[in-house]
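Take the sequence shown: its letters are residues 1 to 209, numbered as in the UniProt record's numbering. Down below is the structure, laid out as C-alpha cells.
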Amino acid sequence: MDLTQRQEHIIEIVKENGPITGENIAERLSLTRATLRPDLAILTMAGYLDARPRVGYFYTGKTGSELLTEKLKKFKVQEFQSIPVVVHENVSVYDAICTMFLEDVGTLFVVNDHAKLVGVLSRKDLLRASIGNQDLREIPVHIIMTRMPNVTICYKEDLLLEAGQMLIDKQIDALPVVKNDEDGYEVIGRLTKTNLTKALVELGRDERI
Ligand code: ADP
C-alpha cells in the first residue's frame with residue numbers, strides 16, 4: 001500500500017511517541033482531529049497502527065509484507081468462489097463439451113438425480129474421450145469422469161490458502177465448494193486457479209485493506 005506523505009508522518013509520530021491520542025497527533029501536525037480521522041482509519045485498518053480506547057494509537061511494528069501475509073491468511077473460499085457449472089451424470093460427452101464452451105469454464109461438476117456431487121470433468125478428460133471416438137453423443141459422462149470418493153472438495157468457510165494448497169498438491173485446476181447433506185454433497189461453488197489469481201492481484205492492488 002502506498003502511503004501518503006502525511007500518513008508516513010503520522011506513523012513516525014506514533015512510532016516515537018505512542019501511545020498517543022488522535023488529538024495529540026493532530027496538534028503536532030497543526031491539523032484538526034477531524035482532518036486526520038480518515039488517515040488514522042486507513043492506517044489502523046491496514047494494520048500499521050492499533051488503537052486502544054482511552055489510551056491512544058500505537059505502532060504495531062509490522063512490516064508491509066507481514067501485513068500482506070496476515071491479510072492473505074484470513075481470506076476465505078467464499079469471498080472468491082465462482083458459480084459452479086454442473087451436468088447430470090447421464091449427459092453425453094458431446095453435450096458436456098458444448099456446456100463447457102457455452103459456460104466458458106474449464107471444469108464441470110457432475111451430479112446425480114438428487115443433484116448430489118458424483119464426479120468432475122476437466123478439459124483433458126473430454127479431449128481424451130474424444131480422440132478417435134466417433135460416438136461422443138452415445139457416451140455418458142459418468143464413464144469418463146473422475147468419480148467420488150476421489151473428488152477433492154472444499155467448503156466455503158475454508159481458508160483460501162488451504163484450498164490453493166490442495167490445487168497444487170493434487171495438480172488440478174478447480175475444487176467444488178460443497179455443502180454437506182445427509183445424502184451427499186451439494187455443489188454450491190467453484191474455486192479455481194483464476195480465483196486465486198484474482199485474490200493475489202486484489203491483494204497487490206490493495207483493494208482489500
Ligand atoms: P486438465 O485435465 O484439463 O489439465 P485438471 O488438471 O483440473 O484439468 O484435471 C486433471 C485430472 O484431475 C482430470 O482427470 C480431472 O478429472 C481430475 N480432477 C479435476 N478436478 C478434480 C477434483 N477437484 N478432484 C479430483 N480430481 C479432479
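All C-beta atoms in this analysis are idealised placements derived from N, C-alpha and C, irrespective of residue type, glycine included. Computed from a predicted structure; not experimentally measured.
Which residues does DSSP pair with Pro176 in a beta bridge? For Pro176, which the question treats as bridged, DSSP gives the partners Arg190.
Whose C-alpha, out of Ile83, Gln81, Leu72, Leu108, is nearest the C-alpha of Glu89? Closest by alpha carbon: Leu108.
Report buried or exposed for Pro38, applying the criterion of at least 16 other Cβ atoms within 10 angstroms of its Cβ. Exposed, since its Cβ has fewer than 16 Cβ neighbours within 10 Å.
For the alpha helix (DSSP H) that Val77 lies in, which residues bound it at each end? 77 to 80 is the extent of the alpha helix (DSSP H) around Val77.
Looking only at C-alpha atoms, which of Glu162, Val178, Val151, Tyr94 sits nearest to Ile131? Per the C-alpha coordinates, the member of Glu162, Val178, Val151, Tyr94 positioned closest to Ile131 is Tyr94.
Any heavy atom of the ligand ADP closer than 7 Å to the Cβ of Pro176? Checking every heavy atom of the ligand ADP against the Cβ of Pro176, one is found closer than 7 Å.
Burial state of Met100 (16 or more Cβ within 10 Å): It is buried - the Cβ of Met100 has at least 16 other Cβ atoms within 10 Å.
Leu67 lies in the beta strand (DSSP E); which residues open and close that run? Here Leu67 belongs to no beta strand (DSSP E); instead the alpha helix (DSSP H) covers 64 to 74.
Just list the residues that DSSP pairs Ile20 with in beta bridges. According to DSSP, which records beta bridges pairwise, Ile20 is partnered with Tyr57.
Have a look at Ile209 and Ile139 and give me their C-alpha separation to the nearest angstrom. Legend: pLDDT at Ile209 = 49, less than 50; position of this residue unreliable, value from coordinates given subsequently. Near 49 Å, if we compare the C-alpha coordinates of Ile139 and Ile209.
Mind checking which residues open and close the beta strand (DSSP E) that includes Asp104? Per DSSP, Asp104 belongs to no beta strand (DSSP E) and is neither H nor E.
Buried or exposed: Asp104, going by 16 or more other Cβ atoms within 10 Å of its Cβ? By the neighbour-count rule (16 or more Cβ atoms within 10 Å), Asp104 is not buried but exposed.
Give the straight-line distance between the Cα atoms of Asn180 and Lys170, rounded to the nearest whole angstrom. Near 22 Å, if we compare the C-alpha coordinates of Lys170 and Asn180.
Helix, strand or coil for Leu196 per DSSP? In this structure, Leu196 counts as helix in the three-state DSSP scheme.
Could you tell me whether any non-hydrogen atom of the ligand ADP is closer than 7 Å to the CB of Gly106? Yes, since a heavy atom of the ligand ADP falls inside the 7 Å radius drawn around the Cβ of Gly106.
Within a Cβ cutoff of 8 Å, which residues of the same chain sit near Cys154, ignoring the five residues on either side of it in sequence? For Cys154, where only same-chain residues beyond five positions count, the Cβ hits under 8 Å are Val77, Glu162, Ala163, Met166, Leu175, Pro176, Val177, Val178, Leu191.
Counting Cβ pairs, one atom from each stretch, are 3 or more of them under 8 Å apart for the region 121 to 137 and the region 186 to 202? These segments do not touch.
Limits of the unbroken alpha helix (DSSP H) element including Arg33: Segment 33 to 45, the alpha helix (DSSP H) holding Arg33.
Taking 7 Å as the cut-off, does the CB of Lys170 come closer than this to any heavy atom belonging to the ligand ADP? The answer is yes for Lys170.
CB-CB under 8 Å to Thr21, same chain, minus the five flanking residues each way: which ones, in chain order? Cβ neighbours of Thr21 beyond the five flanking positions: Gly56, Tyr57.
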